[in-house]
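Number of protein chains: 2
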Amino acid sequence: MGRKMIKAVFFDLDDTIVDTTRLAEMARRNAIENMIRHGLPADFDTAYGELLDLISEYGSNFSRHFDYLLRRLELPYNPKWVSAGVIAYHNTKIAYLKSVRGARRTLLQLKKEGYILGIITDGNPVKQWEKILRLELDEYFDHVLISDELGVKKPHPRIFRKALQRADLKPEEAVMVGDRLYSDIYGAKRVGMTTVWFRYGKYADRELEYLDYADLTIERLEEIPRVLRGLEIEESEAGADKEVHSD
Amino acid sequence: MGRKMIKAVFFDLDDTIVDTTRLAEMARRNAIENMIRHGLPADFDTAYGELLDLISEYGSNFSRHFDYLLRRLELPYNPKWVSAGVIAYHNTKIAYLKSVRGARRTLLQLKKEGYILGIITDGNPVKQWEKILRLELDEYFDHVLISDELGVKKPHPRIFRKALQRADLKPEEAVMVGDRLYSDIYGAKRVGMTTVWFRYGKYADRELEYLDYADLTIERLEEIPRVLRGLEIEESEAGADKEVHSD
Numbered sequence: 019m020g021r022k023m024i025k026a027v028f029f030d031l032d033d034t035i036v037d038t039t040r041l042a043e044m045a046r047r048n049a050i051e052n053m054i055r056h057g058l059p060a061d062f063d064t065a066y067g068e069l070l071d072l073i074s075e076y077g078s079n080f081s082r083h084f085d086y087l088l089r090r091l092e093l094p095y096n097p098k099w100v101s102a103g104v105i106a107y108h109n110t111k112i113a114y115l116k117s118v119r120g121a122r123r124t125l126l127q128l129k130k131e132g133y134i135l136g137i138i139t140d141g142n143p144v145k146q147w148e149k150i151l152r153l154e155l156d157e158y159f160d161h162v163l164i165s166d167e168l169g170v171k172k173p174h175p176r177i178f179r180k181a182l183q184r185a186d187l188k189p190e191e192a193v194m195v196g197d198r199l200y201s202d203i204y205g206a207k208r209v210g211m212t213t214v215w216f217r218y219g220k221y222a223d224r225e226l227e228y229l230d231y232a233d234l235t236i237e238r239l240e241e242i243p244r245v246l247r248g249l250e251i252e253e254s255e256a257g258a259d260k261e262v263h264s265d
Numbered sequence: 019m020g021r022k023m024i025k026a027v028f029f030d031l032d033d034t035i036v037d038t039t040r041l042a043e044m045a046r047r048n049a050i051e052n053m054i055r056h057g058l059p060a061d062f063d064t065a066y067g068e069l070l071d072l073i074s075e076y077g078s079n080f081s082r083h084f085d086y087l088l089r090r091l092e093l094p095y096n097p098k099w100v101s102a103g104v105i106a107y108h109n110t111k112i113a114y115l116k117s118v119r120g121a122r123r124t125l126l127q128l129k130k131e132g133y134i135l136g137i138i139t140d141g142n143p144v145k146q147w148e149k150i151l152r153l154e155l156d157e158y159f160d161h162v163l164i165s166d167e168l169g170v171k172k173p174h175p176r177i178f179r180k181a182l183q184r185a186d187l188k189p190e191e192a193v194m195v196g197d198r199l200y201s202d203i204y205g206a207k208r209v210g211m212t213t214v215w216f217r218y219g220k221y222a223d224r225e226l227e228y229l230d231y232a233d234l235t236i237e238r239l240e241e242i243p244r245v246l247r248g249l250e251i252e253e254s255e256a257g258a259d260k261e262v263h264s265d
C-alpha cells in the first residue's frame, strides 16, 4: 500500500484558479463610472446598487445588464450610455484578469509531481475558456469540464462522474479543490472524491452547513502539494492498519 | 447672398470616420489563426473562406459566427475554439481600431470654422457608439443618429430628415459625406442635401449606378473644408446671378 493513491487534482475555476469576484466588482464599478462620465444622470451609489440587484435577480450571464439598468433607473434607452458601460466593463475584465495568487506556481508544482490536472466548472463555456486562454493556463490542464456541456450544474454528480470517466479514474484517486462548499465540496464528496475546501474570497464563509463534506481546508493554494503528500501518508498508514486488522 | 449657406456636415461612420473594413478583415484573420493555434483542424484558407461566406449570408452583426463556422466545417462544437476566435477577434478590434486618415484633423478644422457636425449611420447602436467612444470622437459631434433608432436603414429618407430636424436645419444647409453611393449619397440627395462621395476603401467602386447623386467626389477627408468653401462661393455666385436675373 505504499503505492501513490491520489492521481488527479480537479479545480473549480472562478475564485479558485481565476480571481473572478474581485475582477467582476472592479469591472462593474468602472462601468458605472464611465456611464456617469458620458452623461448618465445618476449618482454612483444608486446606479451601482441597482446594478448589483439586477445581477442578483437576472444572473451574471444575462447579456443586457446595462440596458436593464437604464430601465431600473427609469431613464430612456440610450445606446451611448450602454456602450460606455460595456467598454469600461470589458476593458477592466481584460486588463485586470488575473489568476489567484499562487495558482500558477501550485499548478506547475503539481505537474512536476506527475498529477493529472483538471477543471470542473459551471458557467458559459465560451466565457470560461476565455479566462483560461487569456491567462494561457490551458497547457496545465489535461481535462476541462464545463457542466453546461451536460446540461447540469454543480453539485450535480454527473459532471464529477464525467470528469473521472474522461480521466479514467476511480473517485478515490481524485481530489476536488474549490471555494464553494455546496457546489464544489458537497458535489465532489457525494461521488466519493477527496475534497479540499479553498477558503477564499469575500464569500468564503457561505454555505457552512456543508462544511462536513470538506476533508481538508486550505487558505492558500500553495498548501496543496503538502496536503496531498499528507493524504498519501495517511492512506498508506490506513492501508497498513487494514492489513493488520484483516489478518 | 454673401451669407454662409452650408451650416452642417453629416458623416457616415464606417469607412468614412472609422476605418472599419480593414479592421474587420484583420480581426477575422487573427480569429482564424488563433482558432487553428488552439487546435482547430482546418487550414487557414478553407476556414477563412467559410467565415467570409458565413458573414455575407448571416450579416456582420450575427453573434454566432464562430459557432456556425464549426458547423460549416462539419466539426463538433468546441467552446475552446470558439473562445480562441472571440478573444483574437476582440483583441484585434480594440487594439487596431483607428479613425480614417485625416478624420480627426478634418473634424477639428470644420469645428474651428463653426460647422455643426453629425453622424448618420446604420448598425447596432451600442457597437457604433463603442467605436465613437473608444476613439474619443464624441466631443466633435453635435448629433449622432443611428438609423436603428427609427427602425429604418439608409438610404431611407426618414433618418436624413430626422438628422436635419434635430439640428434645426433645412436640407440645403447640410452636407452628407459618405463612402457608399447608394445608402449615403443617393439617400441624402433624395431629401435635398448636398452630397460628397468619399471614394475610399476596397469597396469604393460599388454602386456606381448612383454616381449621379454625388455633387462632389473626394479621395481624402482633408479636402472637405476646401470643398465647402467652393460650395459657398458657387452658392453666392448663383445667388448673385439670380438677383441679376430677377431684376
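Those sequence lines, one after another, are chains A and B. For our numbering, add 18 to where a residue sits in the first sequence, where the first one is 1. For our numbering, add 18 to where a residue sits in the second sequence, where the first one is 1. Beta carbons: idealized from backbone N, C-alpha and C, even for Gly.
Chain-ordered neighbours of residue i on chain A, where CB pairs are closer than 8 angstroms
i: tryptophan 147 of chain B; result: Pro97, Lys98, Val100, Ser101, Ala102
i: isoleucine 134 of chain B; result: Neighbours of isoleucine 134 of chain B on chain A: none; closest Cβ ~18 angstroms, over 8 angstroms.
i: valine 144 of chain B; result: Pro97, Val100, Ser101, Val104
i: leucine 151 of chain B; result: His56, Lys98, Ser101, Ala102, Ile105
Neighbour-count burial assignment, residue i, 16 or more Cβ in a 10 Å radius
i: isoleucine 251 of chain A; result: exposed
i: arginine 46 of chain B; result: buried
i: proline 59 of chain B; result: exposed
i: aspartate 186 of chain B; result: exposed
i: arginine 198 of chain A; result: buried
i: lysine 116 of chain B; result: exposed
i: aspartate 33 of chain B; result: buried
i: aspartate 265 of chain A; result: A caution first: aspartate 265 of chain A carries a pLDDT of 35, below 50, which makes its placement in the model unreliable, though a value can still be read off. The residue in question, aspartate 265 of chain A, is exposed, as its Cβ has fewer than 16 Cβ neighbours within 10 Å.
i: arginine 247 of chain A; result: exposed
i: valine 173 of chain B; result: The sequence shown places proline at residue 173 of chain B, not valine. Burial call: buried.
i: tyrosine 95 of chain A; result: exposed
i: lysine 149 of chain B; result: buried
i: aspartate 37 of chain B; result: buried
i: leucine 168 of chain B; result: exposed
i: lysine 207 of chain A; result: buried
i: aspartate 63 of chain B; result: exposed
i: glycine 20 of chain A; result: For glycine 20 of chain A, the predicted structure reports a pLDDT of 42, less than 50, and the residue's modelled location is therefore unreliable. The matter cannot be settled from this model.
Beta-carbon gap between residue i and residue j smaller than 7 angstroms
i: aspartate 166 of chain A; j: proline 143 of chain A; result: yes
i: phenylalanine 1 of chain A; j: glycine 136 of chain A; result: Residue 1 of chain A is absent from the structure shown; chain A starts at 19 and stops at 265.
i: glycine 103 of chain A; j: phenylalanine 84 of chain A; result: yes
i: tryptophan 147 of chain B; j: lysine 98 of chain A; result: yes
i: leucine 151 of chain B; j: serine 78 of chain A; result: no
i: threonine 212 of chain A; j: aspartate 233 of chain A; result: yes
i: isoleucine 203 of chain B; j: lysine 25 of chain B; result: no
i: glycine 205 of chain B; j: aspartate 30 of chain B; result: no
i: glutamate 237 of chain B; j: tyrosine 200 of chain B; result: no
i: lysine 111 of chain A; j: aspartate 140 of chain A; result: no
i: histidine 161 of chain B; j: arginine 184 of chain B; result: yes
Expected contact under 8 angstroms - CB spacing of residue i and residue j to nearest Å
i: isoleucine 300 of chain B; j: leucine 163 of chain B; result: Within the shown structure, residues of chain B are numbered from 19 to 265, placing residue 300 of chain B beyond reach of any answer.
i: tyrosine 107 of chain B; j: alanine 49 of chain B; result: 4 angstroms
i: leucine 87 of chain A; j: proline 243 of chain A; result: Not quite, the Cβ-Cβ distance comes to about 44 angstroms (not below 8 angstroms), so this is no contact.
i: alanine 113 of chain B; j: isoleucine 35 of chain B; result: In fact, because the Cβ distance is near 19 angstroms, the residues do not count as touching under 8 angstroms.
i: leucine 125 of chain A; j: tyrosine 76 of chain A; result: Not a contact, Cβ separation roughly 34 angstroms.
i: leucine 72 of chain B; j: arginine 90 of chain B; result: 6 angstroms
i: methionine 23 of chain B; j: leucine 249 of chain B; result: 7 angstroms
i: proline 175 of chain A; j: valine 209 of chain A; result: 5 angstroms
i: isoleucine 138 of chain A; j: methionine 194 of chain A; result: 7 angstroms
i: valine 118 of chain A; j: tyrosine 218 of chain A; result: 7 angstroms
Partner residues on chain A for residue i, Cβ-Cβ distance less than 7 angstroms
i: histidine 83 of chain B; result: Near histidine 83 of chain B there are no residues of chain A at all, since even the closest Cβ is about 12 angstroms away, more than 7 angstroms.
Contact list for residue i against chain A, beta-carbon separation under 9 angstroms
i: isoleucine 164 of chain B; result: Pro97
Hey, which unbroken runs of the alpha helix (DSSP H) at 4 residues or more fall wholly within the region 171-259 of chain A?
175-184, 205-208
Uninterrupted beta strand (DSSP E) stretches inside the region 83-165 of chain B (no shorter than 3 residues):
134-139, 161-164
Note down, one range per segment and in chain order, each beta strand (DSSP E) of at least 3 residues found wholly within the region 26-76 of chain A.
26-29
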